[in-house]
Structures are given as C-alpha cells and as structure tokens.
Amino acid sequence: MSTQLLTAYELVGGYGAIDILHGVSLSVGVGEIVTVIGPNGAGKSTAFKTIVGFLRPKSGRVVFSGEEITGIRPDLLLRRGLAYVPQGRLVFPQMTVLENLEMGAYTVAEPARVAAALARVYELFPVLFERRRQKAGTLSGGEQQMLAIGRALMTAPRLILLDEPSLGLSPKFVTLIFDKLGEMKRAGYTLMLVEQNAARALAIADRAYALELGRNRFEGPGTALLADPEVKRLYLGG
Amino acid sequence: MASPPVLEIERLRKRFGGVTAVDGVSLRLEPARIYGLIGPNGSGKTTLFNCITGVERLDEGRVHFGGERVHGLRPWEIAQKGIGRTFQVIRVFPELSALENLLVVTRDRLAAARERALRLLRFVKLDGLRDEYAGNLSYGQQKLLEFVRVLMRDPALILLDEPAAGVNRTLLNDLLEAVRQLRDRGKTILLVEHDMKVVMGLCETVFVLDHGEKIAEGAPGVIQTDERVIEAYFGR
Amino acid sequence: MTTKALGALITAMGVVAGGLPAEAQGPIRIGASLSLTGTYAKLGRNQHEGYKLCVKDLNTKGGLLGRKVELVVYDDQSTPATAVRLYEKLITEDRVDGVMGPYSSPVTEASVNVTEKYKKVMVAPLAATTSIFKRPPDKKRSYVFMVISPAEEYLEGLIDTAAKRGLKTVAIVNEDTLFSKAAASGAVELAKKRGMQVVFQEAYPKGNTDFSALLTKVKALTPDVLAAATYFDDAVALTRQMRELDVNPKAYGVTVGGDLPEFYDTLKTNAEYVYGATQWEPVLPYPNNTEFFEAYKKEFGHEPSYHSAAGYAGCLIYAEAVKRAGTLDADRVREQLLKLEMRTIFGEYKVDADGFQVAHKIVTFQWQEGRKVVVWPDELALAKPRFPTPPWNQR
Amino acid sequence: MLGQVVISGILSGALYAMVALGLALIFGVMRIINVAHGPLLMLGAYTTYFLSTVLDVNPYLTVPVSMAVLFAVGVVLERTLVFRVVDAPELSSLLLTFGVSIALVNLAQLLFTSDLRSVEYLTGAWVVGPFALSKTRVVAFVFAGTLTGLAFLFLGWTKLGKAIRATSQSREVAMVCGIDVQRIHLVTFGLASALAAAGGALIAVIVAIQPEMGQTWTFKSFLVIVLGGAGNYPGALLGGILLGLIEQVASLFLTTQLSEVVAYVLLVAILLVRPTGLLGGRQT
Amino acid sequence: MSGRHVALAAPAAVALALAAYPAVASGYGVRATLQVFMWIVLAGSWNLISGLTGYVSFGHVAFFGAGAYAGAILMSKAGWPWLAAALVGGVAAVVLALVIGYPCLRLKGPYFAIAMLGLNEVLRALVSYFEGLTGGGNGLSLPTLDATIPIYYVMGLTAVTVIALTYLIITSRFGLRLMTIREDEVAAEAMGIDTARHKLYAFLLSAVGPGIAGALTARDQGYIEPISVFPLATTITMIVMVLFGGKGTVWGPVLGAVVLFVTQEVVWARYPYVHPLLFGAIIVAVVLLMPRGVLGILQIRYRLPRTI
C-alpha cells in the first residue's frame with residue numbers, strides 16, 4: 754500500500770498514565786473515505802487526537818505523505834495539509850459564520866486562496882452562505898457541524914480527520930451530513946472519520962476499521978463490515 | 002402489588018442553551034434491583050445522573066426518592082438522603098490518602114468509620130495502599146476507590162457512571178460480584194456502562210436513551226434485539 | 102574636711118568616668134527611622150538629607166562633646182508599625198546615643214511611644230500635629246519636642262489675608278489623615294473666629310487624585326475662599342482640576358506640597374496665585390539661611406524643602422541642647438530643650454512645658470511669576486498678595 | 003451639578019474602558035488576572051513624560067511611542083514569566099503578577115525617584131454653558147475612544163485580531179485552525195500592555211504621575227471587567243462608563259471617601275446575581 | 003516511638019525557650035519576636051481557609067484591621083483592659099467573616115480573591131468615614147507601650163493556638179472535608195459534604211486569629227490609622243509565607259513566617275532602597291520554583307505525613 758497518504762503504526766497511549774490505545778494501526782489512501790467504528794471506549798477519538806498531535810503516543814509512529822509527523826503540534830500539521838474536525842461541533846460561538854471560516858484559513862496567507870476556499874465551502878454548504886453574518890453560537894446543531902467541517906476545508910487540506918460528525922444530531926441532519934461527506938469525496942477530498950453511526954458511516958466508506966478496547970478488531974471494505982454480524986455484536990454484545 | 006419505588010423520575014427535561022440534553026424522561030426504580038442505563042454518546046445519560054444528584058438543576062419534571070421530592074435540593078442534601086454516585090471522569094480527592102478518601106465522606110464515629118473503610122479497602126485489595134495519595138494510584142485503582150467511597154455512606158440507591166471502564170478483568174469480576182451482593186442486601190443500583198457484556202450480564206432491566214429520550218426499557222435480552230436500539234447504536 | 106575631700110574625689114572620678122569612656126566609645130551615634138520608601142518617600146528623603154547635612158556640619162566643627170557624630174538611619178516604608186519596631190531596634194539593639202524624629206505626624210505619633218518608654222529625648226522636626234504633644238494629664242509625654250508650627254496654623258495666613266479683604270465664605274477640603282485633618286479643623290476655627298462662614302467641608306481619602314465630584318460641589322457653592330489641607334500629590338491634582346472645572350474662588354491655598362519647587366514645575370502657570378503655607382523659605386531672614394541653602398544645593402544637587410530645613414534645624418537644636426547639658430543624658434538634655442530659645446536657619450525655637458512649639462512662625466506665600474513670595478505675616482512679608490485671584494479664563 | 007458629574011463620569015469612564023479592555027483581553031485569552039496591569043500603565047505614563055519633557059515632543063504624539071514601548075515590555079514579560087502560569091491555579095498567576103508589579107514599582111522608584119511628575123499641556127477647560135469640559139480630559143476621551151475603537155477594529159477585522167478572539171473562545175479549536183496559541187498569548191499581552199500604556203500616557207497629561215499610581219488602576223480595571231462581564235470585550239466599554247458614573251455620582255451624593263465602597267458593594271451584588279457580569283461572559 | 007517524642011519535645015523546647023526569652027532579650031528582640039508571632043498567627047490563619055479549602059483570600063488583612071479597630075475602640079473609648087479588648091477583636095473579626103462570608107464564599111476562583119481584596123479597601127474607607135467612632139484619618143491613640151511583654155505572651159499563645167488548631171483540623175475529618183473542597187468541590191458535594199457550611203466554618207476560624215492579633219498589635223503599637231492596618235502588602239506577605247513554607251501543612255506557615263520575616267528584617271536594614279524589589283523577586287521565585295513550598299516538597303519527596 755505505497756499510495757497511503759497517512760499511516761499510523763501500532764499506536765499506544767492515552768491520557769496521562771492511563772492507556773486507551775494498546776496498539777492501533779490505521780491508514781488512508783488518497784481519495785478514500787476511511788471509517789473507524791467501534792463501541793464507546795474503543796479508543797477511536799483517542800486515536801485521532803494522537804494522530805493530530807493533541808496527545809503524544811507512548812509508542813508507535815504516524816507518517817503523513819512520506820514524512821514522520823508523530824507528536825507534531827496540530828497547528829503545524831494543518832500547515833502540512835492535515836485538518837482535523839474535533840468532536841462536539843466545536844465552533845467559535847461569539848464569532849460570525851464568516852469569521853469562523855476565516856479562522857479556518859488562518860494559515861493561508863494569500864487572500865485569493867482564501868476567497869476561493871470560501872467559495873468552495875459556500876458551494877458545498879449553501880446554508881453557511883445564507884447565515885454568514887450570524888453568530889455561530891446561534892446556529893442549530895447540524896449547521897454548527899457543517900460550519901466545523903467547512904472551516905476545516907478552508908485550507909484545502911489533503912486529508913481531513915472528522916471525529917463523530919453526526920454526534921448528537923437529529924436524524925434529518927445526520928442524513929444531511931453523510932450526504933455532504935459523500936459530496937466531499939466526489940469533490941476529491943480524502944476523509945477519515947470516526948463514527949458512532951456505524952451503518953451510515955460504513956455505507957459511504959471505501960474501507961473501514963472496527964476497534965475494540967484500544968485494538969484493531971476488524972478491517973475491510975465498508976460494505977463488508979456492514980454486513981458482518983460480528984461487527985454488530987461489538988456494540989450490543991450477546 | 003409492586004413495592005413502592007426507590008426512585009421515581011417523571012418527565013424530566015434539561016436544556017443547555019438550544020440543545021435539549023434530556024427530553025421528558027420518566028424512570029421508575031424498584032428496590033433491590035440492578036438497572037442499566039445505556040445509549041450512544043451524547044444521548045443524555047450523564048446529564049440524567051447529574052439531574053438526579055442535584056449537580057445540574059432540571060428545567061422540568063420531578064424526581065422523587067423514597068417517596069420524597071429531591072429535585073431542587075443541593076447535591077449534598079441528596080447524597081445525605083441516600084443517593085450515592087461515581088463519576089464518568091474519576092473524581093477522587095487526589096491529595097487525600099486512599100483511607101482519607103473514604104473517611105471523609107461519613108459522619109460515623111471515627112473508629113467505626115475506620116473499620117468500615119479498611120474493610121472496604123481490603124475488599125478492593127487497596128488496603129496495602131491506604132496511606133498513598135489517591136492521585137498516585139493507577140487509573141483502575143482510583144476507579145475502585147471511587148466505587149468503595151460511595152459505599153461508605155451506605156446509600157440506598159447507587160448510581161455508577163461507567164464502573165467497568167479501565168478496570169482489569171479479574172477486578173471487574175469482583176466488582177460485578179460486589180454489585181450483586183449490594184443488590185442482595187436490598188440496594189438499588191443504576192449504572193451507565195458501555196461494556197455491553199457487563200450490562201447484559203448484570204442488569205435486570207435496561208433503559209435506553211437516544212437524543213435525550215427514553216427509546217426502550219426492558220430485560221437485556223429483549224433490548225439486544227430491539228430494532229430501535231440497534232438503530233440508535235449502529236445507525237440506519 | 103573629709104567629706105569635702107570625698108566630694109572632690111567623687112567629682113573628679115565623675116569627670117574621669119565621664120571623660121574616659123567618651124574617648125573609648127568612639128562617635129556619638131544618632132538614630133532615626135525615616136520614610137525612605139513608600140508614600141512619604143520624597144519628603145522623608147529630604148528630611149534625611151537635612152539630617153545628613155547637619156551631621157556633616159557638626160563634624161566639620163569638631164563634632165559634639167568632642168566626639169564625631171554618626172547617623173544610623175533605617176527605612177520605615179512610611180508605616181507607623183515599622184517605625185515603632187525600628188526605634189526599638191535603634192534604642193535596644195544598636196544602642197544609639199540619641200534619636201531624632203521620623204517623618205510625618207502618624208509615624209511620629211506611633212514612634213514616640215517607644216522613645217517615651219525608654220526615656221529617650223526625641224526632637225521631632227516634622228510632626229506638626231498638636232495632639233502628639235498636648236495630651237490629657239494622665240497621658241503626658243515628657244521627652245518629645247516640637248520644632249515646626251502646629252498643623253492648625255497652616256491655613257491661618259490664607260484665612261487672615263482673606264478676612265482682611267472682606268471675603269465671607271470658605272470651603273475647606275482635606276485629606277483624611279492626621280495632619281491634614283488638624284490643619285482643616287484649625288482653618289475652620291480661624292475662619293469662624295474671623296466671622297467667616299464655612300460653607301463646605303469634606304475629606305477625601307489618601308491617594309485620591311480625582312476631585313471632579315468634590316470640586317463640582319464646591320463650584321456650586323461659589324465660596325470666596327478654598328482652603329485645602331493637602332499633601333503634595335493631591336495639591337497638584339486639586340489645582341489642575343480646579344482649572345479644568347473652572348472653579349474660581351477669590352483666594353485658594355494649600356498646605357504641604359504647595360511649597361515644593363515641583364509644585365510649580367508640575368503646574369507651571371497654573372500655580373500662579375495659589376497660596377501655600379510653609380514652615381520655612383530660603384529667602385527668610387534667618388541666620389545662615391542663605392549659606393544653608395547653598396550648601397544643601399551643592400551637597401545634594403537640588404534645592405532644600407522646608408522638610409530639609411526642619412530636619413537640619415531639628416538636628417542642630419538637639420545638638421545645642423546636648424552641648425549645653427554637657428552630656429547625652431536624656432533628663433539633662435530634656436531640661437535644656439525645655440528652656441532653650443534658639444534662632445536657627447529655620448527660625449525661632451521655643452517650647453512650652455509640653456514640648457509644644459510656641460515661637461516658630463509659619464509663613465504664607467503666594468506663587469507669583471514662578472516664585473514663592475512670602476505675603477504673610479506682615480513682619481516677614483516680602484510683597485503684597487496679588488488679590489483677588491482672577492478667574493481661570495482671565496489669566 | 004448632576005450634569006457636570008455625569009460629564010466627568012463619562013469622560014473618565016472612556017479611559018477606564020480602554021485600560022480595562024487590556025485587562026479583559028488577557029483575562030479572556032489567558033485566564034489570568036494581571037495584577038501588574040496598573041504598573042504597566044505607570045511605565046507608559048513615564049515613557050510619555052520623558053519623551054515630552056526631555057525630548058520636548060508634543061505629549062499626544064508620544065502616545066503611540068509609549069504604546070510601542072510597553073508592547074515590547076509586555077511581550078518580554080509574557081515570554082519570560084507570565085507564560086509559565088497560564089493554566090496554573092489562580093493563586094499562582096495572581097501572586098506572580100503581583101510580584102512583577104512590586105518589582106516594577108520599585109524599579110520605577112529607583113530609576114525615576116518617587117517625585118511627582120506631570121506633563122503640562124493643554125491645561126484648562128472649555129466652558130460650555132454651566133459645564134466645564136476639561137481640555138485634557140476631553141482629548142483623553144477622544145484618544146481613549148479612538149484607541150478603543152481601533153482595538154475593536156483590530157479585533158473585529160484583522161486576521162490576528164480575530165485569532166485573538168477565537169483563542170479566547172476556544173483554545174482547542176484555535177489550535178485546530180492552525181493558530182499558534184503561544185504567539186496569540188504573546189500578542190495579547192503586548193496589546194494589553196500597550197492599551198495600559200496609552201492610558202498612562204493620557205493620565206500623565208491629566209493628573210501628575212508617580213511610581214505608585216498604577217495599583218488603583220488594576221483594581222478599577224478589574225471592577226470594570228467584572229461589571230461588564232469577564233471575557234466579554236464590549237462589556238468593558240459598558241463597565242468603564244458605568245464605573246466612571248458610579249464613582250462620580252457616589253462622590254456627589256455621598257463623599258469621595260465612599261465612592262469606592264459603593265462601587266465595591268455594587269460589584270459583589272452584581273456577581274451574586276449575575277456571576278458572569280452585566281453583559282454576560284464566560285464562566286471560569 | 004522516638005520520632006513522636008522528638009516531634010513533641012522539639013516544639014516544647016522551643017516554646018520554653020521563647021517563654022523565657024523576654025527575661026534576657028532586648029526590647030527590640032522582644033518586639034521582633036512578637037512580630038514573628040503575629041506573622042505566624044496571620045499566615046497560619048490564612049492557611050486555614052486558603053491552604054485547606056483552596057479559596058484564595060486576597061484581602062485577609064481585613065480581619066486584622068477589623069480586630070485592630072474593634073479592640074482599639076474598646077480600649078480607647080470604653081477603657082477596656084487590653085486582654086478583653088483583644089478577645090472582642092477576635093469576635094468582631096468572626097462577625098465580619100460571618101456577614102461577608104455568606105455571599106462571598108459563593109463566588110469562585112479569581113472572583114472570590116478579588117471580592118476579598120475589595121472588602122479590605124472598603125473597610126478602610128468605612129473606617130475613615132465613621133470618624134466619630136474610629137477617629138477617621140486621625141487614627142486612634144492608645145496607652146503607651148507598657149504591656150509589650152504580656153502582649154508578647156498573649157500573641158505567642160495565640161500563635162500556638164493557631165498552630166494547634168491547624169494540627170487538630172488537619173488530623174480531623176473536618177479538616178479532610180475542607181481539603182475535599184480544594185481537591186474537587188463538586189465531588190465533595192456529591193459525597194454528601196455540605197461544602198457551603200464547611201467553607202464558612204473555615205472562614206470564621208481563619209478570621210479569629212487575625213482579629214486578636216490586630217487588637218494586640220494596635221495596643222502594642224499604641225497608635226493605629228486606617229492606612230496602617232489595612233495594607234494589601236500584609237495580605238500578600240502572609241500568602242507568600244504560607245506558600246514558601248508549604249500550604250495545607252501545619253508547620254509550613256510557621257516556617258514561612260520565621261524565614262521571611264527574618265529575611266525582610268535583615269534586608270531592610272541593609273538595602274532600604276531595593277527591598278521591595280527583592281520582595282517582588284522572592285514572590286516570583288516562590289511561585290515559579292516552589293509552588294508547593296519547602297515542607298510541601300519534602301512531604302512529597304519523603305512521604306511525610308500531612309501533619310508536618
């Protein structure tokens with residue numbers, strides 16, 4: 754798999770003294786959507802935070818387009834083209850939608866590139882254009898999530914990691930968000946996401962990983978995992 | 002006739018800004034039973050715990066404990082009435098020793114409290130570390146300490162927020178056995194847990210929350226096959 | 102015969118005993134705690150320099166009782182509590198031969214308790230509050246001596262000048278501290294005595310620099326005279342804000358601070374017409390005053406203030422009393438200080454039985470074309486006051 | 003009389019607002035109450051004093067210079083000391099900045115002596131009907147208004163300014179956006195010091211200055227940001243004007259001695275009813 | 003149990019030595035030691051509220067000032083004996099703590115700290131304003147210094163009491179409950195601990211000592227004025243003493259008081275113009291280099307009990 758854009762090898766680590774990851778390996782190739790699923794406590798979000806440098810792994814390495822990036826700060830990774838959308842629809846609530854998007858392009862110096870990115874984001878999420886002068890804190894949950902994703906697109910990153918994009922959204926917005934992720938793939942973005950809504954996430958995924966208790970458990974094409982009853986059993990036991 | 006409920010929650014609602022975290026949930030807990038509370042991330046389980054224990058003020062609805070209204074009371078008043086809880090993120094008192102963590106929560110005579118605390122520490126095999134600062138214990142040990150700290154007050158209702166997370170298998174089995182013993186001694190237990198093996202093996206009744214609403218209630222086997230529950234977890 | 106011989110012998114021994122250790126003891130050490138830092142730092146440092154110059158002068162003239170004089174000074178940070186401890190240290194640890202007073206009335210009020218306890222004479226050159234000296238019969242103090250005129254007299258010149266020119270109403274403001282309150286209450290008494298009406302009196306906290314509201318109230322009452330019992334910072338701020346709020350009394354005077362050269366440096370022409378009270382001026386016809394002024398300027402690179410002069414004079418007065426007593430013994434020095442009448446660069450010195458100053462004259466000056474011109478009392482006046490003070494917009 | 007004190011209150015309120023905005027920025031972005039804010043203001047005042055008296059420059063022209071100098075001082079302080087107590091318990095940051103504050107005041111006493119200094123320029127008042135408008139205060143009002151306006155323009159319209167606001171709303175998301183949070187802290191501290199310096203420079207022309215002048219400004223600034231809502235920057239404007247008015251009106255109806263008491267009682271009352279200040283803000 | 007014997011014998015020996023000290027000491031020696039006692043009372047009392055519960059009182063000198071004025075008024079206006087007046091000074095401080103503790107202890111973090119700072123400023127302003135009672139800016143003069151040695155003993159006794167009280171609290175469950183407020187107030191409440199009441203009790207206890215010390219100091223200095231009994235610097239000094247020695251320990255405040263007072267006294271004498279600069283540097287150094295304090299560090303490193 755030499756065309757991999759990002760590869761994480763055998764990550765071990767977690768918060769402080771507590772290990773959550775006991776050897777997690779993930780990879781994503783250019784143009785793919787890769788989904789990471791697993792029950793709560795499997796270490797999905799922790800793996801993402803470790804990859805983007807919020808957490809430092811105890812062992813293991815992360816390679817992004819041929820360069821080792823283990824433990825590099827998130828703001829520096831963004832400059833290399835690795836964007837991250839944290840869990841929980843995190844936006845700057847007191848800033849307008851437009852300002853939020855501009856902040857997404859903080860690392861981009863050329864105004865022309867910012868304008869182009871803005872146009873792309875507005876095209877993908879027309880609702881953000883409508884609400885561009887509104888304070889982000891007044892948006893609905895789904896709109897905030899779109900804003901968070903749109904903000905990550907502002908640097909035209911080569912890879913976007915999305916942590917639970919559908920978390921806490923109403924079914925209508927869940928559908929919308931997954932539609933948008935599909936559109937993004939068609940537009941040429943490479944995506945890797947952690948999702949709780951496994952069915953939806955697997956349905957759009959090229960490849961998928963299922964984690965359990967900090968270890969890789971299953972791996973394969975999204976549809977294969979979706980059909981596998983063992984995967985379902987991870988969630989509800991029995 | 003069913004015995005009077007230990008805890009009765011009616012149409013509890015809690016909003017944060019524009020988000021309704023708990024949306025009209027009603028629960029009824031009978032004495033001497035083990036209940037599970039499950040649901041995907043963000044479904045409102047911890048918020049419900051916080052509303053029961055007075056950490057959060059509820060917006061609507063009521064909570065009665067042993068027939069007595071407890072909503073609107075301060076957390077310590079609710080705790081003194083006999084509801085004990087653990088936290089999702091461990092909240093032991095890091096610069097108190099393990100023993101002190103237990104002693105501090107009761108007003109019993111010191112000798113009796115000490116004896117009880119030592120017994121509980123022995124029970125979770127922490128007696129050798131009784132003088133260690135709680136903050137220096139391992140994650141699993143802190144978890145156990147937090148568990149026995151709840152028992153110090155001998156509450157009638159025990160709320161456990163993810164008791165199994167981060168605890169190794171052998172200890173976990175002891176812990177589950179302890180929970181069963183508590184039930185046998187007449188305690189009621191409500192636990193939030195993600196480890197489904199634990200939930201299914203331990204709980205007699207399971208409540209399922211999704212988007213702040215109660216979507217199912219029943220025996221574990223029934224819940225496991227409930228379409229709405231599978232959907233909530235696995236998506237559609 | 103034998104008794105006489107014995108008496109002579111004892112006297113001789115006394116002389117020997119008194120003389121011998123003196124040479125063995127080395128210099129006479131005089132201790133003081135001064136406000137070298139903190140709120141009174143500026144004034145305390147001037148006083149310190151006064152002491153230093155005095156000691157220098159004494160030593161050039163052969164010292165005191167044939168011994169060199171040495172100064173031991175600590176910083177009390179302008180706080181009474183620290184000064185108390187430092188005087189105790191000076192007396193019991195350093196075992197100084199004599200002490201001089203600290204700066205300011207509050208610090209003196211606290212420190213004097215120590216010097217009384219150890220029966221040490223303290224000439225307190227910069228304590229102007231009457232209550233330090235005039236005490237109820239059961240709480241008399243015996244060893245403290247006043248040098249400057251009491252605070253109550255500070256505004257006398259202003260009130261007197263105004264009354265003579267037929268002004269009728271007075272507003273009095275003061276900082277809420279020991280000295281300023283005394284000055285203000287003195288002004289109230291004097292004004293009433295002269296048949297003037299006190300239309301306004303208010304205190305403001307120490308450190309206050311915003312007088313807008315206070316002056317707005319004053320302005321509404323349009324008093325003829327504004328008498329302000331101030332220290333330095335507030336005197337400056339008050340004057341500036343009077344101009345800004347267009348407050349136009351026919352006479353306006355301050356107490357301490359108005360006499361410092363910095364007052365004019367800071368306010369420039371806005372200081373014109375302002376009356377100030379001072380215990381001393383270099384131009385006053387006191388003996389050696391000009392020489393002192395020049396020597397001080399040469400020594401320290403700036404002009405002396407009255408605090409410098411009072412410090413200098415206080416030290417000389419103490420030295421004179423010691424000289425006359427022929428000993429450092431407190432009770433004998435005290436006797437001398439009680440009966441001493443002296444004219445120094447600072448003016449007259451004479452105290453009553455309480456050590457309270459009765460001879461020194463406070464003078465009132467007015468800033469005229471950048472210079473302090475003494476305008477009161479008449480016998481020391483160098484010019485007439487420029488009266489009335491014109492409104493700000495006509496200057 | 004009421005009219006006059008209302009005018010005085012608004013005039014000084016604008017100055018309070020500007021100085022307090024600096025404190026609010028540091029509190030919002032770094033969660034630190036910078037007790038050395040007042041002493042930094044004092045340094046700004048001295049910079050203006052020396053430039054205008056020694057070099058004989060128009061004092062108002064020195065305002066930007068004072069701001070630049072203090073920006074640099076702020077940056078150095080942040081980089082050497084203050085960054086170490088970001089995220090530390092409040093006791094550490096309070097004490098550390100207090101230590102810095104004592105040291106700065108004492109240093110100023112050693113270097114500049116404790117003499118009172120002032121810049122005499124544009125004294126007097128414009129008399130409008132029954133009201134006297136102090137010239138220096140009006141100019142200070144205009145300056146403070148303009149600088150505060152510029153600060154808000156900076157925060158609202160420039161990339162760096164927006165990044166500062168972003169960081170104060172969520173440090174985590176700011177990092178995700180590629181914002182170098184350390185650098186934002188540095189700029190914020192510098193900017194806050196510059197705002198304090200501007201205050202000091204203007205005060206130097208209004209009242210006289212001395213090394214210990216800063217302390218009360220720290221306390222006043224804190225009152226302002228609590229009144230307005232900590233972490234809420236427009237709140238500082240409201241809080242500043244409000245404090246100016248409260249002080250003046252209280253001095254008018256009571257005495258100057260009690261104006262501080264009134265402000266404090268109001269502060270505690272507001273905190274009890276609205277723990278996040280009048281306009282609301284972030285809770286700690 | 004020789005360790006315990008030493009632990010008891012050493013303080014007892016020190017106490018005996020201090021009790022005998024006035025017989026041989028100079029006036030300054032007595033006064034300086036009296037000051038050390040005062041600082042132990044102040045630092046130890048601040049430790050009770052802030053060291054144990056974590057609520058940082060940034061205006062603790064307010065209780066000192068309140069006690070000083072309450073005591074001084076009784077002594078000068080009502081002719082009370084100083085000992086009785088000092089006790090009432092302590093009571094007055096507690097009453098003040100009760101009145102302001104109820105609203106202020108509901109504030110969190112920096113808000114509480116600044117509210118306390120403001121309280122101190124307000125008390126000073128009020129004392130200045132009500133001059134009929136307090137003498138306002140004139141201050142109050144008290145009888146001359148005829149009682150330094152008895153006051154030495156009473157202040158010493160107060161210091162011993164504060165230390166003993168700290169020991170008793172730290173070794174009791176009441177003390178542990180106070181610490182849970184510092185460690186995790188939410189968890190403490192969820193465990194049934196009435197944190198509001200506990201905070202208030204700690205606050206009241208922490209006010210007594212400064213109140214008594216204030217009245218004793220007023221009497222011993224013979225003169226007080228608003229500016230001199232409400233200085234912010236005193237609050238800061240007591241905080242730095244506790245931090246230096248080790249907050250939340252029994253002997254930390256004592257160690258801090260002794261070391262810092264002696265240092266200040268020595269520095270004062272030698273370098274009058276720069277001592278505030280040095281004090282500032284000491285504060286910064288303590289905060290950055292040893293936030294746990296000397297005893298705190300030893301406690302962690304050598305696993306010493308909390309009662310050191």
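Chains as they are written, first to last, in our numbering: chain H, 754 to 991; chain R, 2 to 237; chain A, 102 to 496; chain B, 3 to 286; chain V, 3 to 310. Beta carbons are placed, not taken as given, at the ideal position from N, Cα and C, and that holds for glycine.
Label residue i either buried or exposed according to how many other C-beta atoms from any shown protein chain fall within 10 Å of its C-beta, with 16 as the threshold for buried.
| i | result |
| --- | --- |
| G769 of chain H | exposed |
| P5 of chain R | exposed |
| E698 of chain H | Summary: the structure shown does not reach residue 698 of chain H, with chain H confined to residues 754 through 991, and so no result is reported for it. |
| Y273 of chain V | exposed |
| H7 of chain V | exposed |
| N309 of chain A | buried |
| A328 of chain A | buried |
| S230 of chain V | buried |
Output the distance between the C-alpha atoms of residue i and residue j, rounded to the nearest integer angstrom.
| i | j | result |
| --- | --- | --- |
| Q238 of chain A | V452 of chain A | Rather than Gln, the amino acid found at residue 238 of chain A in this sequence is Pro. Spanning the two alpha carbons is a distance of roughly 18 Å. |
| E936 of chain H | A26 of chain B | 43 Å |
| P255 of chain V | Q469 of chain A | 58 Å |
| G136 of chain R | L300 of chain V | 17 Å |
| T55 of chain V | M181 of chain V | 5 Å |
| L166 of chain A | A133 of chain A | 20 Å |
| L112 of chain B | G101 of chain B | 17 Å |
| D128 of chain R | V880 of chain H | 60 Å |
| A316 of chain V | T239 of chain V | For residue 316 of chain V there is no data in the structure shown, the boundaries of chain V being 3 and 310. |
| P122 of chain A | F246 of chain A | Because P122 of chain A carries a pLDDT of 43, less than 50, the predicted location of this residue cannot be relied on, and no value is offered for it. |
| L124 of chain B | R341 of chain A | 11 Å |
| P478 of chain A | G258 of chain A | 7 Å |
| S208 of chain V | V63 of chain V | 11 Å |
Could you give the residue range of the alpha helix (DSSP H) that holds residue i?
| i | result |
| --- | --- |
| M899 of chain H | G894 to L906 |
| H39 of chain B | H39 to V56 |
| D89 of chain R | Per the sequence shown, residue 89 of chain R should be read as Gln rather than Asp. Looking at the DSSP string, Q89 of chain R is not in any alpha helix (DSSP H), and its letter there is neither H nor E. |
| K473 of chain A | Per DSSP, K473 of chain A belongs to no alpha helix (DSSP H); it is in the beta strand (DSSP E), R472 to W477. |
| P207 of chain A | S206 to K218 |
Less than 8 Å between the CB atoms is what I'm expecting for residue i and residue j, so what's the real figure, rounded?
| i | j | result |
| --- | --- | --- |
| L130 of chain R | L121 of chain R | Going by Cβ atoms, the distance from L130 of chain R to L121 of chain R rounds to 13 Å, so no, they are not a contact pair. |
| V506 of chain A | V222 of chain A | Missing from the structure shown is residue 506 of chain A; chain A here goes from 102 to 496 and no further. |
| T788 of chain H | E948 of chain H | 6 Å |
Could you give the residue range of the beta strand (DSSP E) that holds residue i?
| i | result |
| --- | --- |
| H65 of chain R | E61 to F66 |
Mind pulling the chain V residues with CB within less than 9 Å of residue i?
| i | result |
| --- | --- |
| T48 of chain R | Chain V residues near T48 of chain R: none, gap ~14 Å exceeds 9 Å. |
| V185 of chain A | R33, L147, D222, Q223, G224 and Y225 |
| V56 of chain B | Result: empty, since nearest Cβ-Cβ is about 23 Å, beyond 9 Å. |
I want to verify the contact list: residues of chain H whose CB lies under 8 Å from the CB of residue i, in sequence order.
| i | result |
| --- | --- |
| D129 of chain R | Strictly speaking, residue 129 of chain R in this sequence is Gly, with Asp absent from that position. Per Cβ cutoff of 8 Å: no residues; G129 of chain R is ~19 Å from chain H at best. |
Along chain A, in chain order, which residues have C-beta atoms closer than 7 Å to that of residue i?
| i | result |
| --- | --- |
| G224 of chain V | A211 and N214 |
Who are the neighbours of residue i on chain A, taking C-beta pairs under 9 Å?
| i | result |
| --- | --- |
| V14 of chain B | Sequence check: residue 14 of chain B is Ser here, not Val. D311 and S313, listed in chain order. |
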